[in-house]
Amino acid sequence: MDRKALLVPCGLVLGSSYVSTSIHASFALDRPLQTVAVVLLLAGLAAVAYEAYAQKNRRPSNASGRAYVAIPLAEGNGRPSSEEPWPLEVHPVRRGALARRAVAALLVALLFLLGARIALFWAVMREVECAGPTLIAFLPLVLALYHGFRDSDPSARPPPVWSAASPATSPATSCLDRFVNFFLHGQTRYILPSLLLAVSSFLTTLKTSALRSTYICPTVTSSAFVVPKLQFLGFVVDCIVVLVLYRLVDEGVVQSDSPPAESQDATTIHALIGYTFIASALVLAVAGIIVFWAMPEYREWMLTTPREYLLGLLRLSLMIPLMMLCFLVSARMYGVMGAVLITAFPSAYIGVLHALATGVSFSFPPKSTVSLSLCFTLLTMALALQLVADASDENRRPKLTVRLGRHQNIVAVAVLVIFSIGITVYRYEKPQFGHPISTLIGIAEVQHTRWASQAYQSKSLAEAVVHYQQRYTRDPPPHFDKWYEFATQRDSIVIDDFDNIEEDLAPFSSLSPADLRHRTAQVLANNEELGGIRVRNGKPDIYGQVADSERWMLEGTVNMIEKFAAFIPDMDLAFNLNDECRVAIPHKQFEQALTHRERYPEHTFADGTIDFRPDRASTWLETNNLPRSVSLFNNAREKPSFQTYGSVACSSETKSRRDRQWDKGAFCSTCSAPHSVGVFVANWTLAADPCHQPDIANLHGMHLSPAALDGTHELVPIFSQSRASGYADIRYPSPWNYMDKIKYEFGERYPDPNFAKKENSLFWRGTTSEGVSTAGSWKGMLRQRLVHLMNNETSRQPIFLPKGQKARDLEYVMEKPDKIKERLETEVDVRFIEPIAQCKASDCPDQKRELWFGNKINFNQHWRYRYLFDADGAGFSNRFIPFLQSNSVVFKTALFREWYEGRLTAWKHFVPVDIRLHDLFSSLAFFGGYSLKEGGDRMMQPKDRKAEAIARAGRVWTEKVLRKEDMEVYMFRLLLEWGRLTDDRRKDVGFRMDARGRKGKENG
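Note that full-length UniProt numbering has the sequence shown beginning at 1, numbered continuously upward.
If you want it as structure tokens, here you go:
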């Protein structure tokens, strides 16, 4: 066998490495049964095809009667060569060879075992959030023990030469010889490496799975108890399956000099294994057909195959059969156990190196680098022992002409040990000096000052025009002078920064004015839960069929527009009546829209101010005259929407389009790292970006099971009160706040005391209105996770605390939530109010039993508490502005962003909370204090002054930039810009002034 044979084990190493690195983020596991069926089918076909090819091309046995004799050469230590003579005419008897009936019995058992294992796998995957660490790392050890003691005959194992040559052997030496013989020679030489590999891999798994997601594993459904038991049962079945496969594959392993009859039997066995895999796949296919015909509710799901799933399935379907072929060839070259370890070591190294490399953002996630380095060292020792045992085995037949010598093995072992030590030193995480929140508060102060100064640079109309031209590279829209006068009369301190409007309207400028008008009329004519407002001759009116329960939203918007309607052109507007945003543009289409957006030519003062077309009313289509067309919207209600809508705006190279976080219970530290400093949110805007966060597909009702998502991938101008990042709805100020549907009020009965006099509690009350809970989707919804985390027994959570007696050295520790809440100085009162809303079937009683409920309160009762939590639901939270107006600190987590995005600064005006909620306890400990009553090393003093400063800053700034007057100013500016976009002369219209600040002469 030549050096090219090394390509086969290299292929096995590459395959194992690829599967180990990609399986945790593969879309293929979105549909585990279909994936298993396809992989089994292709793996079986590959095995059958390969064995047919191997039998056809196998060389005939040498029958000349000559024998090959390896000449023993003396080695440097006086021991004979490990290669022994092997006559070609005399073939060894295969000990323990299977009879045909035994082979048939094993194949039948394998078929049933595969079916049982697939059923267990499916059951665990359905409740994967309750799964614990896997025991798969112990499978090589199980095989090594079976391999070592099967047909074991200790008396047949020759003693070492140096022991036999000694005239008198001491008991200690004899014991050492037996130890060396057991662990480095013969069939038992794989046990110690496999043991170290198993311990290392399992410890790594324990370390990396310690931090769990806040996705709920409910106790009332017994999933928390049953799933780990199913996992263990699955491991037992795995052990039996691999032992059966080991026996069959080992029976089928044929050396190049085996007799023809044995070669034929071996080929048949390997082919039969392939046929068994094919039969298992066909059984799954038949079961799928039965489900398809018997359960119509699953047909659409079964027939709709996402592109991402097909790509993930294709990768696994190519890699696993290739690995199987490489394994069969490697088993013939190195033996079955050798091939098993070739497969296992890369996977183990990938696991421990990935754990060491996950580092981390400011020491988060918490991990013991020393412990992981110990795992790496154990793994290195296992590999070193395997190399030494493989090189020193005295009964080993030559498999390859290329073998590493003893000195090369020593060098390899030394390199691995040095690398382990280097990893330990390099990845050591020191405790943090100082608290990140203090740093973030300082940064927020600078950011706020910078934003406020640039938002109000203009002190005159002329300056406002210049700053507009510099900022947006075009002239302001017509009637900009009226807008400026309107804004200054209302004491607006935001004159120059309306980047949200620019961002929202930018893609729509790629469409012609006529197209924008037509699309507006089209969606309003179809009456698809949209309400219309028509402005004619300075008067706004509602038109179209609008339900009474939703009419108030349009009435509030009309009231807002009436304040400035005399100065905006005639137009039609389509308003979203649902809470959820609706327009999600795929990335390529969105980029094309931005590339082809309107480019405005430069105009001079001589061109004069050009007003909107006077006959604009005639350019808007009458919806009554339009035939009902094919709807632009698709029903995406009560089904996962992240891949179809929530992340379609992301590039195909981003994490959310490339990876799938199918393990809902696993915490994705790489998802939160880009916008975080440790556990704490450092970039509030980026925290809402879905493109680097595939895990949020399982962490909000909008993505899990939206109640009223009728979405479109077309560029349709829809005005919505809020939108999730990645959507293209046009944001406008919400009538909820403008009409005081929920209002900040206080009085003698419900006072709003100073911060220091409030109850030291985190308070939240709300309903289960985030999404429609079906098939257990409530377990990932934000509000349910919040209530569950604050009240139930959950997995250990990270908290940032002082280390030892040094108050300024801090580190992350993992503690049970109950223990954390006992030691927090701030009380936690976070509960739902009944009844449970928007749920189906068993999801309603399950939530009732699992979650905590409190009494309904008057809204103004919130002002009693120092800390108020704000979480959005199906759409934006209408409580946020009233909360900010109070003397309390607002803790806010949100998926949706509103018209005032950018005006408020996280850590200056409110405390941001990651949507995963893993930072909540650490923030509470910082502001409220920790372990003051119990004392101890991890005591943290409260930061009352910092908290009160945030409450005061939020209240003062809200009264400056989030008033009703600010909503009117924003809406006025938005509709002027929209008026320009829908004007047939939009390249020419504009407000212009000369250098002396005089308004240009009006033309046209």
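Ideal Cβ placement from N, Cα and C applies to all residues, glycine included.
- In chain order, PRO478, PRO569, GLY979, ASP983, VAL989 place their CB closer than 7 Å to the CB of PHE612, counting only its own chain and leaving out the 5 sequence neighbours on each side.
- From the listed residues GLY335, PRO733, ASN635, THR619, the smallest Cα separation to VAL583 is found for ASN635.
- A direct Cα-to-Cα measurement between ASP818 and ARG945 gives close to 27 Å.
- Listed in chain order, the non-local C-beta contacts of SER549 below 8 Å within the same chain number zero, local neighbours out to five positions each way being set aside.
- Within the DSSP secondary-structure output, GLN797 pairs in a beta bridge with GLU815.
- About 6 Å separates the CB atoms of VAL889 and ARG866; that is less than 8 Å, so the two are in contact.
- Taking a C-beta distance under 7 Å as the contact criterion, THR214 and LEU789 qualify as a contact pair.
- Membership of ARG657 in the alpha helix (DSSP H) is indicated by the continuous run 655-658.
- Taking one beta carbon from each stretch, the stretch 30-45 and the stretch 274-283 have 3 or more pairs nearer than 8 Å; the two touch.
- The beta carbons of ILE118 and GLY148 sit about 30 Å from each other, so the pair does not count as a contact at 8 Å.
- Boundaries around ASP870 are those of the beta strand (DSSP E), 865-871, since no alpha helix (DSSP H) includes it.
- Taking C-beta separations shorter than 7 Å and ignoring five residues to either side along the sequence, the partners of ASP752 in its chain run PHE746, TRP863, SER886, ASN887, following chain order.
- Looking at the backbone, the Cα of THR893 and that of ALA109 are separated by about 53 Å.
- A contact between stretches requires three or more CB pairs, one per stretch, nearer than 8 Å, and the stretch 875-884 meets this requirement with the stretch 722-735.
- By the Cβ criterion, the stretch 840-859 is in contact with the stretch 205-221, since at least three pairs of Cβ atoms, one from each stretch, lie closer than 8 Å.
- Taking a 10 Å sphere around the C-beta of TYR970, we find 16 or more other C-beta atoms and assign the residue as buried.
- About 14 Å separates the beta carbons of PRO140 and ALA389, which is beyond the 8 Å limit, so they are not a contact pair.
- Taking C-alpha positions only, MET781 is separated from LEU378 by approximately 41 Å.
- For ALA574, the enclosing beta strand (DSSP E) stretches over residues 571-576.
- Judged by their CB atoms, ARG796 and MET814 are nearer to each other than the 7 Å cut-off.
- Note: PHE910 is bridge-paired with ALA906 in the DSSP secondary-structure output.
- Looking at the DSSP output, ALA666 sits in a beta bridge with ARG212.
- Burial is judged here by how many other beta carbons sit within 10 angstroms of a residue's own beta carbon; GLY928 has at least 16 and is buried.
- ALA464 counts as buried, since at least 16 other C-beta atoms from the protein chains shown sit within 10 angstroms of its C-beta.
- Comparing alpha carbon positions, the residue from ARG660, THR774, GLY766 closest to ILE23 is ARG660.
- Comparing alpha carbon positions, the residue from MET125, ILE833, PHE202 closest to ASN858 is ILE833.
- Between PHE921 and ILE441, the alpha-carbon positions lie close to 18 Å from each other.
- The stretch 350-358 makes contact with the stretch 190-209; the number of CB pairs closer than 8 Å reaches 3 or more.
- For TRP764, the enclosing beta strand (DSSP E) stretches over residues 759-766.
- Contact between ALA382 and LEU184 is absent: CB atoms are separated by about 13 Å, not below the 8 Å threshold.
- Taking a contact to require three or more Cβ pairs closer than 8 Å, the stretch 124-137 and the stretch 224-233 qualify as touching.
- Residues of the same chain with a CB within less than 6 Å of the CB of GLU759, apart from the 5 flanking positions on each side, are ARG864, TYR865 in chain order.
- With contacts defined by Cβ atoms closer than 7 Å, SER769 and GLN838 form a contacting pair.
- ALA688 has its alpha-carbon roughly 47 Å from the corresponding atom of ALA384.
- Residue pairing by DSSP puts ILE833 in a beta bridge opposite GLY854.
- The stretch 702-718 makes contact with the stretch 638-647; the number of CB pairs closer than 8 Å reaches 3 or more.
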